[in-house]
Amino acid sequence: MYTYKTTGRIAGVLFLIIFITGVTIYQFLQAPLFSENFVKEITLHRDQIIASTVLNMLNGIISIVIAILLLPIFKRYNYNLAILYFSFSILNFIAIAIDNSSIFSLLEFSKIVSSTESTETLYTLKTMLYEKHWWTHYISLLVSCLPVFVLYYTLFKTKLIPRIISIIGIIASLLMCIEMLSSIFWKSISMNLLLPMGVIQLILPFWLLVKGFKEFKA
């Protein structure tokens, strides 16, 4: 049976993997999807984009593994929060899968365009598929806020890590949720609201790698 410190350190490694792959996916591998001439860019970087979907699914799986790993510890404090975190992790995986499906649609469309003359119908389809991916992408990001919020709220209540880290995590998840909702309703505030999330998602893994979880006494 793992000790709290060991479990925390294992979770820290997994959180760090999610952070590194997340930055790789959204800042580099999927950049062609958001370019002005995205059809051409997708054709040129097809393998790169496919790799991004594989890594994204891997991140979703790792998130579920973390939830399973933390389930026995969280259940000692609050059964409902433990199950909620696990459930939201599964929901996040489903949202990732749906977003990936829209990316695959763009990939298939790029193959058709590369072998067919441009027509008004293709232009309409191009716009529709791009808008579909925009929606699935932002909804996926919105859903990702849910397990993160529950995670930091539970850590705050259990005092498994310093409360200042938990508080920053809670605030960061709320700010990200606000930005995603505002973007979905076409009134984006600022993408800078996502910066606190990036910072705390890097701080947490390193804290856990060094310290692990503090023993919790119910």
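The sequence shown begins at 0 in numbering that gives the first Met the number 0 and counts up one residue at a time.
All C-beta atoms, glycine included, are put in the ideal place defined by N, C-alpha and C.
None of these values were measured; they are calculated from a predicted model.
Limits of the alpha helix (DSSP H) - the one that residue i falls within
i	result
G7	Y3 to T23
F287	Residue coverage of the chain in this structure runs from 0 to 217, which leaves residue 287 outside it and unanswerable.
W206	L194 to K210
Cβ-based neighbour list, residue i, same chain, cut-off 7 Å, excluding 5 preceding and 5 following
i	result
S34	E40
N55	I24, I95 and N99
V112	V38 and L121
V53	none
Proximal residues to residue i (C-beta, below 6 Å), its chain only, five neighbours per side dropped
i	result
V183	Inspection of the sequence shows that residue 183 is occupied by Ile rather than by Val. Answer for I183: Y137, listed in chain order.
I17	N58 and I61
C144	S172, M175 and C176
I147	The amino acid occupying residue 147 in the given sequence is Val; Ile does not appear at that position. Closer than 6 Å at Cβ, skipping near neighbours: S172.
K125	none
Presumed contact (8 Å Cβ cut-off) between residue i and residue j, rounded CB distance
i	j	result
Y248	I163	Only positions 0 to 217 of the chain appear in the structure, and residue 248 is not among them; the question remains open.
I89	I63	6 Å
L141	L180	7 Å
Neighbourhood of residue i by C-beta distance below 8 Å, restricted to the same chain and skipping five residues each side
i	result
I37	Rather than Ile, the amino acid found at residue 37 in this sequence is Phe. Once the five neighbours on either side are set aside, the close Cβ partners of F37 are P31, L105 and Y129.
T5	G211
F205	G11 and L15
A50	L28
Interface flag, residue i vs chain C, CB-CB below 9 Å
i	result
C176	Going by chain labels, chain C is absent from the structure shown, which holds only one protein chain.
Three or more C-beta pairs below 8 Å linking the segment 0 to 18 and the segment 56 to 69
yes
Using 8 Å as the threshold, is the segment 80 to 95 in touch with the segment 150 to 160, meaning 3 or more CB pairs across them?
yes
Should the segment 124 to 141 be called in touch with the segment 100 to 107, which here means at least 3 C-beta pairs below 8 Å?
yes
Unbroken beta strand (DSSP E) runs of length 3 or more, entirely within the segment 119 to 168: which are they?
none
For the segment 76 to 120, which segments carrying the alpha helix (DSSP H) assignment without a break, of at least 4 residues, lie completely within its bounds, in sequence order?
78 to 113
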